[in-house]
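Taking it in order: structure first as structure tokens, then the write-up.
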Amino acid sequence: MQKPDLRALCAQIQGDESFAEAVKAALRLRGESQEELFAIACESRLQGFPDRRAEVRSVIEISNICKQRCNYCNIGSPDTKKYVIPSADLVEIAAFLYHERGRRVLLLQAGENKDQRFVAHFVHACARIKERMPDLQLIGCIGNLSRVQYQALREAGVDRYLLKIEASRPELYETVKPNDRWQDRYQCLLDLLDLGFMVGSGIIVGLPGQTEDDLVADLRFLTGLKLDMVSASVFIPGHGTVYEHCPPGDVETTLNFMALLRILNPHALMPTTSSLEKLKPDGQYLGLMAGANTLTAHDGTPAAFQHLFPIYDETRYRPNDDYLRALAARAGLVAAAS
75 MQKPDLRALC AQIQGDESFA EAVKAALRLR GESQEELFAI ACESRLQGFP
125 DRRAEVRSVI EISNICKQRC NYCNIGSPDT KKYVIPSADL VEIAAFLYHE
175 RGRRVLLLQA GENKDQRFVA HFVHACARIK ERMPDLQLIG CIGNLSRVQY
225 QALREAGVDR YLLKIEASRP ELYETVKPND RWQDRYQCLL DLLDLGFMVG
275 SGIIVGLPGQ TEDDLVADLR FLTGLKLDMV SASVFIPGHG TVYEHCPPGD
325 VETTLNFMAL LRILNPHALM PTTSSLEKLK PDGQYLGLMA GANTLTAHDG
375 TPAAFQHLFP IYDETRYRPN DDYLRALAAR AGLVAAAS
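Going by the numbering used here, the sequence shown opens with residue 75, and the numbers climb by one from there.
Structure follows, in structure tokens:
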């Protein structure tokens, strides 16, 4: 069997020529051809990040209260004890990460919750953090909000916002997130971009009901938004969810999708997610080799709350700072605080 000309294939994708067929062919690559795709993705990353910088950010999971009940996620389970980290504690945790760990990027993550009392709490905490540490980049991730609420976050000093589209096909999105509307999610992304946030979005590869055509559309959708941050995580059937007994997504397809995201978005930050490591040894390292350049240290959530923010289950993989820095070096990157 003749080896595919991957540079020609990638040129087709970049030039939008036979886009769907070329993307599908790239998603199926394995072995040496997959490694060549990764090499092209790393070349693209070098165009956008010639200093080989890999951003290391800390995450504080500030609350597990979620108004959604998505089929793939168990955070919103009514059986889980609910918590919200007090504002003063959030400020002190941020100060510790800033001064003791040298962190300059902080992800504040919660379940999806647009309750005005919670949003006001979030806004207040962010404003206090920025007053003390104005050069600390704050990333918000609490789901769909109103434009007015997003504006309040922006005024409080939140620099970036993560809002994953999960699936660009409305029917699939509304199947896996039955309490939400795709158009509402999309409008939130447009509001965030218009308000001047650095915006991130991404998808889940391997969702039940997802097709190759969906992945083609996802790649086109994410690239068309011209985002500052892009991502792809692999589907993991979460304990206690509607999809608990569904097969997990394919790691190799996810890595190939990441490589294509990088090739089409050379200047965007892209994380290598813990879901990759959950399904495959060295998964996060392979994510870096596929073009990722962002690492998340799970060192901000107090130990007493970690088991209450399970994502997939309570044995969730939580890499620490030293491990991530070593991982970046192994991939030929330099771990950076900002």
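For each residue, glycine too, the CB sits at the ideal point set by N, CA and C.
Status (buried if at least 16 other CB within 10 Å, exposed otherwise) for residue i
i       : result
Ala-306 : buried
Ile-87  : buried
Met-75  : Note on Met-75: pLDDT 48, under 50, position unreliable in the model; no value is reported.
Ala-342 : buried
Val-408 : exposed
Ala-230 : buried
Ala-410 : buried
Ala-403 : exposed
Arg-234 : buried
Val-257 : The displayed chain sequence assigns Gln, not Val, to residue 257. With fewer than 16 other Cβ atoms within 10 Å, it is exposed.
Tyr-224 : buried
Phe-195 : Checking the displayed sequence, the identity of residue 195 turns out to be His instead of Phe. With 16 or more Cβ atoms within 10 Å of its Cβ, His-195 is classed as buried.
Lys-352 : buried
Asn-253 : exposed
Leu-80  : buried
Ser-92  : exposed
Thr-327 : buried
Thr-346 : buried
Ala-333 : buried
Ala-162 : exposed
Tyr-397 : exposed
Lys-300 : exposed
Asp-268 : exposed
Leu-266 : buried
Thr-285 : exposed
Leu-378 : Checking the sequence, you will find Ala at residue 378 rather than Leu. By the neighbour-count rule (16 or more Cβ atoms within 10 Å), Ala-378 is not buried but exposed.
Leu-264 : exposed
Arg-177 : buried
Arg-206 : exposed
Glu-166 : exposed
Beta-bridge pairing of residue i - partner residues as DSSP gives them
i       : result
Cys-215 : Gln-183
Arg-131 : Thr-370
Arg-234 : Ile-213, Met-272
Ala-306 : Ile-277
Glu-240 : Ile-277
Leu-343 : Met-303
Val-158 : Ser-137
Anticipated Cβ contact below 8 Å, residue i with residue j, distance rounded
i       : j       : result
Lys-77  : Lys-141 : In fact, because the Cβ distance is near 50 Å, the residues do not count as touching under 8 Å.
Ala-371 : Asp-395 : 5 Å
Val-304 : Met-272 : Rounded, the Cβ-Cβ distance is 12 Å, inconsistent with contact.
Ala-168 : Leu-210 : 7 Å
Leu-296 : Gly-280 : Actually they are not in contact, since the Cβ atoms of Leu-296 and Gly-280 sit about 16 Å apart, beyond 8 Å.
Gly-323 : Phe-309 : 4 Å
Ala-291 : Ser-349 : The pair is not a contact, with the Cβ atoms about 21 Å apart (cut-off 8 Å).
Val-130 : Leu-335 : Not quite, the Cβ-Cβ distance comes to about 20 Å (not below 8 Å), so this is no contact.
Leu-338 : Leu-293 : 7 Å
Pro-282 : Cys-320 : 5 Å
Limits of the unbroken alpha helix (DSSP H) element including residue i
i       : result
Ile-167 : 161 to 174
Leu-120 : 105 to 122
Val-197 : 190 to 206
Gly-357 : 357 to 363
Leu-227 : 221 to 229
Cys-147 : Neither: Cys-147 is in no alpha helix (DSSP H) and is coded neither H nor E.
Glu-351 : 348 to 353
Lys-77  : Neither: Lys-77 is in no alpha helix (DSSP H) and is coded neither H nor E.
Lys-98  : 93 to 101
Phe-295 : 286 to 298
Ala-405 : It is not in any alpha helix (DSSP H) - Ala-405 carries neither H nor E in the DSSP assignment.
Thr-375 : Thr-375 -> no alpha helix (DSSP H), and no H or E assigned at all.
Phe-383 : Neither: Phe-383 is in no alpha helix (DSSP H) and is coded neither H nor E.
Arg-336 : 325 to 338
Opening and closing residue of the beta strand (DSSP E) in which residue i lies
i       : result
Ala-409 : 408 to 410
Residue of the options minimising C-alpha distance to residue i
i       : options                            : result
Cys-147 : Asn-330, Ala-115, Glu-186          : Glu-186
Thr-315 : Arg-102, Gly-150, Leu-212          : Gly-150
His-173 : Ser-132, Thr-154, Arg-143          : Ser-132
Asn-138 : Gln-183, Pro-311, Cys-116, Arg-127 : Gln-183
Arg-104 : Ala-400, Leu-236, Phe-331          : Phe-331
Leu-191 : Asp-288, Val-279, Leu-219, Cys-116 : Position check: residue 191 holds Arg in this sequence, whereas Leu was assumed. Nearest of Asp-288, Val-279, Leu-219, Cys-116 to Arg-191, Cα basis: Leu-219.
Ala-128 : Gly-374, Leu-334, Asn-367, Gly-89  : Asn-367
Arg-448 : Asp-287, Ile-213, Glu-318          : No answer is possible for residue 448: it lies beyond the span of the chain, which begins at 75 and ends at 412.
Leu-401 : Gly-361, Asp-268, Leu-83           : Gly-361
Ala-405 : Ala-377, Lys-238, Gln-358          : Gln-358
Cys-16  : Ala-99, Glu-135, Cys-84, Ile-159   : Because the chain spans 75 through 412 in this model, residue 16 falls outside it and cannot be assessed.
Ile-239 : Ala-226, Arg-221, Val-222, Cys-215 : Cys-215
Asp-356 : Ala-99, Val-325, Ile-337           : Val-325
Val-222 : Val-193, Asp-153, Lys-354, Ala-113 : Val-193
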